[in-house]
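Remarks on the structure that follows.
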Amino acid sequence: MSIANLHDLHRPLGSTGLMVSPLGLGTVKLGRDQGVKYPNGFQIPGDDEARMLLRQARELGINLIDTAPAYGRSEERLGPLLRGQRQDWVIVSKVGEEFADGLSHHDFSATHTRMSVERSLQRLETDFIDLVLVHSDGNDMAILEHEEVYATLAALKAEGKIRGFGFSGKTVEGGLKALEQGDCAMVTYNLNEQNEKAVIDYAAAHGKAILVKKALASGHVCLSPGVDPVRASFELLFAQPGVASAIVGTINPLHLAHNVATVAQVLRGH
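Each number in our numbering comes from the position in the sequence shown (counting from 1) with 291 added on.
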């Protein structure tokens, strides 16, 4: 029996022209173990372990990788780890949130946005980033209406430094506004939280991209006995035509293989 993989299940990321795997690899755990909300503690993996995880993801047909300056050392580790593989990956990073000394702070100014993207390019050892999302602090509408971050990302896209941009927010109003001018919204959508469904529907109707965060409720989902929570989560997600991909962060090779097999089954209708 062949190992379930996602190689033939890649799909368009909205109208960006990029094709992405329906499952993306989140990399918080490659760079940061403080101030993260997971049910269990974990150790940041060493380089060999991280390299094996990335190889496994690639062999299973995952080409989408999600990082951020707020993920501690994630970006600067991924640069060397992905050397020679740039063409194999669609890289998503963020702007707006910084994490230092155990605390987050936010800056959505034009100066900080440009500095942040230039720094991400250096850390990731690349001359372009496929998608850059604004890491909202929750004040979605204020960021989009009064800050310079979106206009700066549009300029960086015109310069070819990023291929697309969007917003990782917390509200329906923010998600809808973000999609009017941007390429992508990252929304929370899982068995516990479905209040951003209107953003997914808007994206489906307007050819925009949706990435889902917390697809497995960060490991907190509990269902009735006998129901596989991972399968139930992916069935919910991929029933939505607007969803391009779910970003799931794991450093456990068994979880990664199980997630890939489950997504493959759900999308193939098994």
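Idealized CB from N, CA, C, for every residue including glycine.
Residue ranges of each beta strand (DSSP E) within the stretch 339 to 427, 3 or longer: Listed in chain order, the beta strand (DSSP E) elements of length 3 or more contained wholly in the stretch 339 to 427 are 355 to 357, 381 to 386, 388 to 391, 394 to 397 and 420 to 426.
Would you check if there are 3 or more beta carbon pairs closer than 8 Å linking the stretch 389 to 407 to the stretch 435 to 453? Between the stretch 389 to 407 and the stretch 435 to 453, the count of C-beta pairs closer than 8 Å reaches three or more; the two stretches touch.
With burial defined as no fewer than 16 other Cβ atoms inside 10 Å of the residue's Cβ, what is the status of residue 437: buried or exposed? Label assigned to residue 437: exposed.
Let me check understanding here. Comparing Cα to Cα, which of 480, 394 and 354 lies closest to residue 361? By alpha-carbon distance to residue 361, the top candidate from 480, 394 and 354 is 394.
Looking at the strands, I want to know which residues DSSP matches up with residue 456. Residue pairing by DSSP puts residue 456 in a beta bridge opposite 423.
Spatial distance of residue 484 from residue 453 (CA atoms): In this model, residue 484 and residue 453 are separated by some 31 Å (Cα to Cα).
Separation of residue 389 from residue 396, as counted between CA atoms: About 5 Å.
Give me the Cα-Cα distance between residue 292 and residue 531, rounded to the nearest whole angstrom. The predicted position of residue 292 is uncertain, since its pLDDT is 49 and thus under 50; no value can be drawn from it.
Taking DSSP as the reference, what is the three-state secondary structure of residue 544? Helix at residue 544.
Which residues does DSSP list as the beta-bridge partners of residue 476? Answer by DSSP bridge pairing, in chain order: 458 and 501.
Could you spell out the range, first to last residue, of the beta strand (DSSP E) harbouring residue 314? First-last of the beta strand (DSSP E) with residue 314: 314 to 317.
Can you tell which of 511, 521, 468 and 504 has its C-alpha closest to the C-alpha of residue 497? Closest option to residue 497, judged by alpha-carbon separation, among 511, 521, 468 and 504: 468.
Would the stretch 380 to 388 count as touching the stretch 418 to 427 if we require 3 or more Cβ pairs under 8 Å? Enough Cβ pairs lie closer than 8 Å, so yes.
Alpha carbons only, please: which of 528, 306 and 500 is nearest the one belonging to residue 466? For residue 466, the nearest C-alpha among the options comes from 500.
Mind checking residue 476: buried by the 16 CB within 10 Å criterion, or exposed? Counting Cβ neighbours within 10 Å, residue 476 comes out buried, since at least 16 surround it.
From 342, 380, 333 and 365, pick the residue whose C-alpha is nearest to that of residue 353; which is it? Of all alpha-carbon atoms in 342, 380, 333 and 365, the one lying nearest the alpha-carbon of residue 353 is that of 380.
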